[in-house]
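Take any residue in the sequence shown, note its place counting from 1, add 245, and you have its number in the working numbering.
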Amino acid sequence: MSTNNFEKHPPPFIINGNNKVFDENIEEKILEKSKKKTGLGWFVACLFVVSDMAGGGLVALPTAMIQAGFWTGILLSFLMTLIFMFTSKALGRNWVILRRRWPVYQKHCRQPYPEIGRRAMGKWMGNVVSICVDINQTVRHNSCLPPSLSKNIHDTLKSLFDANISFCVLLVILAICLLPITFLNSPQDFWLAAVVAVTTTSLAVILICIGSLLDFGECRQHHSIPEFQITNFFLAVGTLLFAYGGHPAFPTIQNDMRKPEDFEKSSLLSFSILFCMYTPVCIIGYMTYGNSLRESVINSLQHVWIQQIVNLMITLHLIFTIIIVNNPLNQKVEEVFNIPHDFGWKRVVVRTGMMILVLFVAETVPSFGPLLDLMGGSVLMLCSLVFPSLFIFF
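Laid out in structure tokens, this is it:
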């Protein structure tokens, strides 16, 4: 056996004097020893997964349903649920295997996804995964969520108080308000954010369904469905990828669980919840508004009070989602600069710098649409579909 193979797959030996003795129960002993006394339970981890993906998909998927066609859209959503559920389970299994073979990962790890790639296929793959995760977190979450949140707050303030505050000013205010919360170390320190994010999203789902049903009688008269076009179909697939592809953040969540091997339960429940959230909104939106749907189903709601409350719920969801999805990239930068795990001034400096960078990108780049389309077909596809399925074989 070569040195590399020995390092990647160490045999289950224990030392007895000067002899190596085979231990049949070595995996069970390692697993028992690796259990944390503190950390996230599997249900709270499920809430983190849901909160990572639900908001954007909720408001955009009804439009994807129009683009793909009713039955095709439902089938696509169901297939995406099953496929991404499988790959999330595979990714979770990869991390469990890593912890069993290398006990060093039983402690807190700041870059779990790149470490999975490095141990599976070598240092070069770890670097590839790291770049893909960084691009995803920077473009998809850190630079797209703040403008979306700023727009929601702007619309809410304008409708309620007739206040017209600049988007750029709102972004600065948001960055200042959110900065102190980003100083928390890892997901287990802000689990309440996931609870609030999922709660607000659930309320938004209920209100969107109620509002769409109330609009059905009037809007149905003007209901029309566009002819099927292959370009629209692929746009719908891209939207579905973003709605279900939150995998780059999953290992960070799993790493903070008391029993990381329970992430399989979190995956099954979270994707089931997502499907149950997305499907009613898509069906009712399709039947009520048809081709009048544009970027967001919220803008199609005719009852202003429902529209305002839904906007508020999605705004709260985005606030707490930014806290969650910023964390993996912050930890990556801290690892690069060798910042201590304990709270201190170095963490404050690094995370303040990251928030300033996010703010700069959000202020200077007006639209991420084409960049998101490119990323959905490359980086997100790799992180959510290719890598989890590939690494499980090593």
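Glycine included, C-beta positions come from ideal geometry on N, C-alpha and C.
Quick caveat, the model's predicted, so the values are computed rather than measured.
In the structure shown, L285 falls within a strand segment according to DSSP collapsed to helix, strand and coil.
Annotation for V595: N575, V578, E579, F582, I584 place their beta carbon closer than 8 Å to its own, counting only its chain and skipping 5 residues before and after. Contact between A481 and Q312 holds, with the beta-carbon distance rounding to 4 Å and staying under 8 Å. A direct Cα-to-Cα measurement between F461 and F412 gives close to 33 Å. Take the alpha-carbon of P505 and the one of S545: they are about 42 Å apart. Cα atoms of T446 and M558: separation of roughly 6 Å, rounded to the nearest angstrom. Bridge pairing for M502: L285 [DSSP].
Look at the beta carbons and you see the region 339-346 not touching the region 520-530: under three pairs across the two are nearer than 8 Å. A299 and L519 have their C-alpha atoms some 7 Å from each other. Under the three-state reduction of DSSP output, V542 falls in the coil class, being neither helix nor strand. Taking L429 as the centre and dropping the five residues before and after it, the same chain places the C-beta of F435 closer than 7 Å to its C-beta, in chain order. Between the alpha carbons of N339 and I543 lies a gap of roughly 39 Å. In terms of CA proximity to A420, G598 leads the group G598, T308, A449, G318.
In the three-state reduction of the DSSP assignment, H586 falls in the coil class.
For C413, the enclosing alpha helix (DSSP H) starts and ends at 412-423. For L448, the enclosing alpha helix (DSSP H) starts and ends at 436-464. Between H492 and T332, the beta carbon gap of about 7 Å places them in contact (Cβ cut-off 8 Å). For T427, the number of other beta carbons within 10 angstroms of its own is at least 16, and it is reported as buried.
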